[in-house]
Amino acid sequence: MKLSQQRVEAYSQLGFISPITVQGKIILRKIVSSRFDWDDPLPEHLLTEWNKWSQNLPDLEDLRIPRIIVPNLSNAVNKELFIYCDASELAIAAVCYLHVSYSDGSTSTGFVLGKAKVAPAKCTTIPRLELCSAVLGVEIAQIAVDHLQINIDNIKYFSDSRVVLGYINNEKRRFFVYVANRVARIRSYSEPTQWLYVRSEKNPADIGTRGIHPADLQNGLWLHGPSRIEAPNVSLDKDSDFSLIQPDVDVEIRLNKVDIENVKPNGLGNSVFEKFSDWNRLNFALATVRKFIRRHLNLKRSDGSKNMDNVELLHNTEQLVLREVQQQFYESELNDIRDSKPLNKHSSIVQLDPFIGNDGLLRVVGRLKHIKFDSSFKNPIILPAKHHVTTLIVRKYHEDVKHQGRHFTEGRIRSAGYWVVGCKRLVSSILHKCVTCRKLRKEFQCQKMSNLPVDRNNHLFRLSALICLVRGRC
Ligand SMILES: [Zn+2]
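Residue 199 in numbering that gives the first Met the number 0 sits at position 200 of the sequence shown, and the numbers go up by one each step.
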């Protein structure tokens, strides 16, 4: 009880002595978190700490605070608020100064409001605490603007945490809830351009988090602000580029599901294909997106006609996907063929003697040139076995043949105009995993016979059965 009374006696509504009072609050929190009973004696180390703090309080009696914030405020030509924020493991603090310029070039700065609080218990990291101090800075700026009742030309916020400045200036990435809520609160009242960097040794809010001896408060940084405020010709420690610090490591930043910068400009990417488990649905979805884009951009075909009918669009989309797959797997082969160079002898498709068809797809030359078959059958499209799209195609034609065996599936794939490199192994693998095939090919189950009933197990029954058998023979 006595501790609380002593702590409350040291009180200042505007925060002139906040660096002193916050030290008392920190000691009180240590005592409360230690879970003593109300009248238990304090442990030695806490009692020493408390006595040291409380015995220095009488030095505050000599503290003198000027009645006015800045002289000749009515003659000032420019009025700015400078807000400084800082945090330590134990406390967060923010302090506000009014900085005015006069027509003769002189300036003046005065303390307006300061706050220092015990660090929120749920904050586990320094960046979070620094962010809380930035929120506190915005709050005291609002209080100052509301109560000063003068026209403020500009408000500048200073923090010594580049992580927090990166959060506030971020436009690309999304945060988890804790940071997102606080950044939204900061940005609802301030613009990122108002936030500047200040070195820790020049940050007056640093005093609020570390504490100060009462005798040093009168001439300290907390009440007077940094000297550079009074010297406008000295450039501020500002840095225009506050990007996120190590965004891929920072646990507060959400992972981008689609990193737009890493997507190839002309490629669809496997991440799109792997979202689908059905070849037809993949094509239909992509065709729908293409249709929307063509309509939105008012794209025209090379022959001048505007619209592509649905069947043609679907076929065109299929070819687009297949070209993408071949580009991923056979890029060097495609380049060699385009440059009329022989293929590398170690290429997996060198035996197929491939060529690029009119549709831009890599096809097998084959030996059926003089046979009157469709060209897609004579020159099938080459596909790699280890690609999700190939798996979807094989699965589709396996279902087309009603889950028949490997030879039927392979034949259907071949007749559809595809040449899968490593087809046999891929089809076997897909059949092995196919639930329908497993059900269809499962061995018939035989019911286990139960024990004979007691009546059929006595000698009379066996005798009658024997008589029947003998008579039957006769
Ligand atoms: Zn099957």
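Glycine is no exception: its CB is placed at the ideal position from the N, C-alpha and C atoms.
In this structure, THR435 has its CB closer than 6 Å to one or more heavy atoms of ligand 1. Residue state for THR106 is assigned as strand, using DSSP reduced to three classes. Rounded to whole angstroms, the separation of the alpha carbons of GLN217 and ARG63 is 7 Å.
Per DSSP, TRP37 has no beta-bridge partner at all. In terms of side-chain proximity, the C-beta atom of HIS295 is found no nearer than 6 Å to any non-hydrogen atom of ligand 1. Runs of alpha helix (DSSP H) with 4 or more residues, each lying fully within the stretch 345-430, are found at 374-377, 387-399 and 405-414, listed in chain order. Between the C-alpha atoms of ASN309 and PHE283 there is a straight-line separation of about 10 Å. Annotation: VAL363 to GLU442 spans about 40 Å, alpha carbon to alpha carbon. Here DSSP, grouped into helix, strand and coil, assigns GLU332 to helix. GLY104 is classed as exposed because its beta carbon has fewer than 16 other beta carbons within 10 Å across all chains shown.
Set against 6 Å, the gap from the CB of HIS386 to the closest heavy atom of ligand 1 is not smaller. A straight-line Cα-Cα distance of about 16 Å links LYS385 and LYS432.
Residue side-chain check: HIS402 places its Cβ nearer than 6 Å to a non-hydrogen atom of ligand 1. Going by DSSP, ASP205 is part of the alpha helix (DSSP H) stretching over 204-209. Sequence-distant Cβ neighbours of SER331 in its own chain, meaning closer than 6 Å and more than five residues away, do not exist here. Inside the stretch 174-199, DSSP marks whole alpha helix (DSSP H) runs of 4 or more residues at positions 176-188, from first to last along the chain. Put simply, of LYS116, PRO225 and LEU128 the residue whose alpha carbon is nearest the alpha carbon of GLY207 is LYS116. When only Cα atoms are considered, SER87 and PRO18 end up about 13 Å apart. When DSSP states are grouped into helix, strand and coil, PHE157 belongs to the strand group. Where VAL76 is concerned, the enclosing beta strand (DSSP E) starts and stops at 75-86. Taking C-alpha positions only, ILE252 is separated from VAL271 by approximately 24 Å. Between the beta-carbon of CYS95 and that of ALA143 there is about 5 Å, and that keeps the pair under the 8 Å contact cut. Linking ALA464 to TYR396 through their CA atoms gives a straight-line distance of about 59 Å. Counting of Cβ neighbours within 10 angstroms places GLY165 among the buried residues, the total reaching 16 or more. By the 16-neighbour rule on beta-carbons within 10 angstroms, ASP352 is exposed. Restricting attention to ARG172, ILE336 and SER132, the CA atom closest to the CA of PRO246 is found in ARG172. For LEU312 and ALA286, the gap between their C-alpha atoms comes out near 6 Å. Uninterrupted alpha helix (DSSP H) stretches at least 4 residues long and entirely within the stretch 16-75 occur at 17-32 and 43-55, given in chain order.
Linking ARG294 to VAL320 through their CA atoms gives a straight-line distance of about 20 Å. Shown here for PHE275: same chain residues with a beta carbon closer than 8 Å to its own, the five before and five after excluded, namely LEU281, ALA284 and LEU391 in chain order. Annotated as proximal: ARG181 and VAL134, with beta-carbon spacing under 7 Å. In this structure, PHE241 sits away from VAL197, with a CB-CB distance that is not shorter than 7 Å. The C-alpha of GLY410 lies about 11 Å from the C-alpha of VAL419.
DSSP places VAL117 within a strand segment (E or B) once states are collapsed to three. In the structure shown, VAL320 falls within a helical segment according to DSSP collapsed to helix, strand and coil. Here ILE142 carries a helix assignment [DSSP, helix/strand/coil].
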